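Per this note's numbering, residue 267 is the first one in the sequence shown, and the count goes up by one each step.
We put the beta carbon where it would ideally sit given N, CA and C, even for glycine.
Values in this document were obtained by computation on a predicted structure and should not be read as measured data.
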Amino acid sequence: MNKHKDYWKENISLIIKCLTIWFISSYGFSIILVDYLNVFKVGGYKLGFWFAQQGSIYTFVILIFYYAYKMGDIDRKYRVNDQE
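Here it is, written out as structure tokens:
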């Protein structure tokens, strides 16, 4: 049963890391740090505005693929199979 707890502990840890990155990207860069980021430009747009409109979405999509990849590693580590 310890294997089961370790699996879920590692899964929850990964979820927390992904949600933290998502929170910083969407809330932190788009709202809290917007004035500091607007000094820089990406494609002619202020960086704070870009994060609010596009950057947080790109970050979220990248996190989805990262989570799926890492969960595959965790599943192999604990020998978890979807067909079971």
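| Asked | Found |
| --- | --- |
| Test item: CB-CB of I330 and E276 under 8 Å | no |
| Inter-residue Cα distance where the pair is I287 and Y273 | 22 Å |
| Residues near R342 by beta carbon distance below 6 Å, same chain, minus five either side | none |
| Closer than 7 Å: M337 CB and nearest the ligand SAH heavy atom | The ligand SAH is absent from the structure shown, which contains no ligands of any kind. |
| Length of the line joining the Cα atoms of I328 and A334 | 10 Å |
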